[in-house]
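Peer 1: Position 307 (the sequence shown) corresponds to 317 in the numbering used here; numbering is contiguous.
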Amino acid sequence: MLDSPPSILIAGTKSGCGKTTLSLGLMAALRERGLDVAPFKVGPDFIDPGLHEVICKRPSYNLDTWMNRPSVVRKTFTDASKGSDISIIEGVMGLFDSARGDIELGSSAHVAKVVDASVLLVIDAKSMARSVCALLKGFLEFDKELRFLGVIFNNVSSSRHKRIILEAIKDIKLPFLGFLPLNKDSKIPSRHLGLHTGLEAKSYPGLLKRLSKFIEENLDVEGLLDAVGIKIKRKSTRLKSKEKDTDKEKRPRAKGGPKIVIFYDKAFCFYYQRNIDLLREFGARIQFFSVLLEEGLPENIHGIYIGGGYPELYAFELSSKKALKGQIKALFEKGIPILSECGGFMFLCQGIHLEKRFYEWTGIFPLRFKMEKRFQALGYRKVVLKRDCVIGKRGDTILGHEFRYSRPEKDENDAFDAFDSRGEKVATPGFIYKNAFSSYVHFHFDSNREIVKNFLAHCREFQKSA
Numbered sequence: 011m012l013d014s015p016p017s018i019l020i021a022g023t024k025s026g027c028g029k030t031t032l033s034l035g036l037m038a039a040l041r042e043r044g045l046d047v048a049p050f051k052v053g054p055d056f057i058d059p060g061l062h063e064v065i066c067k068r069p070s071y072n073l074d075t076w077m078n079r080p081s082v083v084r085k086t087f088t089d090a091s092k093g094s095d096i097s098i099i100e101g102v103m104g105l106f107d108s109a110r111g112d113i114e115l116g117s118s119a120h121v122a123k124v125v126d127a128s129v130l131l132v133i134d135a136k137s138m139a140r141s142v143c144a145l146l147k148g149f150l151e152f153d154k155e156l157r158f159l160g161v162i163f164n165n166v167s168s169s170r171h172k173r174i175i176l177e178a179i180k181d182i183k184l185p186f187l188g189f190l191p192l193n194k195d196s197k198i199p200s201r202h203l204g205l206h207t208g209l210e211a212k213s214y215p216g217l218l219k220r221l222s223k224f225i226e227e228n229l230d231v232e233g234l235l236d237a238v239g240i241k242i243k244r245k246s247t248r249l250k251s252k253e254k255d256t257d258k259e260k261r262p263r264a265k266g267g268p269k270i271v272i273f274y275d276k277a278f279c280f281y282y283q284r285n286i287d288l289l290r291e292f293g294a295r296i297q298f299f300s301v302l303l304e305e306g307l308p309e310n311i312h313g314i315y316i317g318g319g320y321p322e323l324y325a326f327e328l329s330s331k332k333a334l335k336g337q338i339k340a341l342f343e344k345g346i347p348i349l350s351e352c353g354g355f356m357f358l359c360q361g362i363h364l365e366k367r368f369y370e371w372t373g374i375f376p377l378r379f380k381m382e383k384r385f386q387a388l389g390y391r392k393v394v395l396k397r398d399c400v401i402g403k404r405g406d407t408i409l410g411h412e413f414r415y416s417r418p419e420k421d422e423n424d425a426f427d428a429f430d431s432r433g434e435k436v437a438t439p440g441f442i443y444k445n446a447f448s449s450y451v452h453f454h455f456d457s458n459r460e461i462v463k464n465f466l467a468h469c470r471e472f473q474k475s476a
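1. Excluding sequence positions up to five away, which residues of its chain have a Cβ less than 6 Å from the Cβ of C399?
2. Closest by CA to K29, which one among I98, S91, I348?
3. In or out: K180 buried (at least 16 other Cβ within 10 Å) or exposed?
4. Tell whether a beta-carbon distance below 8 Å holds between A428 and V436.
5. Give a yes or no on whether the C-beta atoms belonging to A178 and A122 are separated by under 8 Å.
6. Taking the alpha-carbon positions, what's the D89 to S168 distance?
7. What are the residues that DSSP puts in a beta bridge with V166?
8. Give the range of the alpha helix (DSSP H) segment to which E305 is assigned.
9. Should G317 and Q337 be called a contact, given that it needs their Cβ atoms to be closer than 8 Å?
10. Measure the alpha-carbon distance for G53 versus H312 and round it to whole angstroms.
11. DSSP has N423 in a bridge; who is on the other side?
12. Let me check one thing: in DSSP terms, what residues is K380 bridge-paired to?
13. Closest to E351 by CA distance: which of E327, K380, N285, H62 is it?
14. Would you call N310 buried or exposed, if buried means 16 or more other Cβ atoms sit within 10 Å of its Cβ?
15. Taking 6 Å as the limit between beta carbons, can you name the residues of its chain near S300, skipping five residues before and five after?
16. Consult DSSP for F385 and reduce its assignment to one of helix, strand or coil.
17. Tell me, please, which residues DSSP counts as bridged to V271.
18. Could you check where the alpha helix (DSSP H) with M138 kicks off and where it finishes?
19. Taking V102 as part of the beta strand (DSSP E), name the residues at either end of that continuous run.
20. Buried or exposed for G410, please, with buried defined as at least 16 other CB atoms from any protein chain shown within 10 angstroms of its CB.
21. Can the beta-carbon of A38 be found closer than 8 Å to that of L323?
22. So, helix, strand or coil for Y450, using DSSP?
23. Among the candidates F280, K269, R290, W76, whose CA atom is the shortest distance from the CA of E471?
24. Please return the same chain residues whose Cβ sits closer than 7 Å to the Cβ of I461, not counting the five positions on each side in sequence.
25. Per the DSSP calculation, S128 is bridged to which residue(s)?
26. Hey, P16 and V238 are a contact pair by Cβ (cut 8 Å); roughly how many whole angstroms apart?
27. Determine the direct distance from the alpha carbon of E412 to that of S91, and round the result to whole angstroms.
28. Within this structure, are the beta carbons of K147 and I182 separated by less than 8 Å?
29. Quick one: what's K2 bridged to in DSSP?
30. Please list the terminal residues of the continuous beta strand (DSSP E) segment that includes K51.
31. I296 and L289 look like a contact to me (Cβ under 8 Å); what is the Cβ gap, rounded to whole Å?
32. When you compare the CB positions of A294 and L466, do they come within less than 8 Å of one another, or not?
33. Can you list, in chain order, the residues of its chain with a C-beta nearer than 7 Å to that of D107? Leave out the 5 residues immediately preceding and following it.
34. In angstroms, rounded to a whole number, what distance separates the CA positions of L187 and L229?
35. Going by the DSSP bridge assignment, what does E370 pair with across the sheet?
36. By how many angstroms is the C-alpha of Y71 removed from the C-alpha of K241?
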């Protein structure tokens with residue numbers, strides 16, 4: 011058993027069965043009851059953790075046993091759960107789905123076992139009757155090491171549908187915790203890479219209240235809390251004293267270390283929280299910067315980190331930032347260390363073609379991009395560096411994930427060899443040029459902390475020369 015508060019992993023039988031709606035609604039309902047909720051997400055997703063943070067007022071951490079060793083995942087979970095009343099972990103895909111069909115690494119089931127979480131199973135009952143019993147039995151029996159807390163049926167259409175399901179599962183000894191009806195009012199808008207981000211969700215008035223009400227009306231929240239040993243009255247005062255300040259600028263900063271500017275706004279908001287934590291732990295002073303709202307970079311910076319996001323939605327705004335682009339190029343020529351991923355990689359290149367128009371971006375790397383209607387790459391990546399660079403030495407291995415709808419007009423990679431979860435080589439564009447490293451891959455720094463040490467060592471050298 012881990013030294014952590016009670017934890018629930020919300021798992022599904024498949025993708026799209028209602029895990030996110032249930033996770034967000036339950037987090038909101040528990041917050042309304044006065045509980046301090048520590049949120050987590052299984053897998054490499056960036057968007058769901060941002061939504062978690064909006065609700066829970068705590069950073070949400072990714073738990074991924076493909077990119078990180080189980081011991082690292084366990085410590086991340088334990089550390090991030092401290093001070094909370096309960097941990098809610100949103101699963102990924104189906105409970106047993108992973109990077110491959112013959113291993114459990116990266117699956118929600120594996121994470122549940124690693125962090126000792128109880129599993130709350132969500133079944134999409136749409137167009138199903140007695141078959142839900144066979145489906146449920148299969149999930150309960152597939153892995154005897156899992157501890158199931160209960161089951162919830164989503165997309166239940168009528169009282170007759172409910173009665174049939176209850177008749178079907180009457181002999182299964184597992185707590186039934188609720189039916190979730192079809193609910194269009196609490197849907198979060200989505201686009202090509204998934205749901206709208208947490209930064210955008212703040213613009214939807216009443217959404218979190220609706221999610222909380224939806225869960226309270228259809229889920230046995232008292233029964234759920236009682237099952238994990240938490241006693242609380244239904245109408246508790248909303249949490250005040252424990253509420254965490256998630257303003258990234260107000261978190262503690264290191265003193266004297268290199269100052270790293272991180273692009274963070276609606277255009278660039280895809281970051282693993284652990285990556286930011288590790289930069290701080292190894293001595294960086296972090297300053298967040300909005301390319302959309304600010305005209306120039308902060309003064310006296312010693313490194314730049316640009317993550318992914320939705321730069322294609324802000325192509326015009328980014329192309330109009332002439333002074334900022336000039337600043338970045340000038341610092342690049344001076345040798346400032348730059349690490350950019352996916353959308354950040356795109357922004358450092360020549361630009362993007364959208365609707366018969368070309369939008370010019372920074373121009374450090376000689377690539378132009380196009381957006382496609384279907385995703386161009388999706389999956390875990392193992393990267394082996396071809397030569398020494400700002401993040402490592404030739405032969406160093408780093409793990410990450412790639413998911414994109416854009417593609418370069420020509421595939422080039424002088425930076426690394428990339429392999430998928432089966433060890434098969436894949437074409438993933440990336441560049442090393444001077445002190446800049448850019449690629450489509452979102453690296454998880456815990457997979458090889460030498461990334462952070464090497465990057466900050468280069469930043470310190472630039473700091474000394476500045």
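Just so you know, even glycine gets a beta-carbon here, dropped at the ideal spot from N, CA and C. It should be emphasised that the depicted structure is a prediction, and the values quoted were computed from it without experimental measurement.
Peer 2: Looking at the coordinates:
1. I442, F447
2. I98
3. exposed
4. yes
5. no
6. 43 Å
7. P191
8. Element bounds for E305: n/a, residue is neither H nor E.
9. no
10. 31 Å
11. G440
12. H363, R417
13. N285
14. exposed
15. D275
16. coil
17. Q297, I314
18. Run containing M138: none; DSSP gives neither H nor E here.
19. 96-104
20. buried
21. no
22. coil
23. K269
24. I401, G402, I408, F453, F455
25. I18
26. 4 Å
27. 28 Å
28. yes
29. Residue 2 cannot be examined here, being either before or after the span of the chain that is shown, 11 to 476.
30. 47-52
31. 6 Å
32. yes
33. S117
34. 6 Å
35. G361
36. 26 Å
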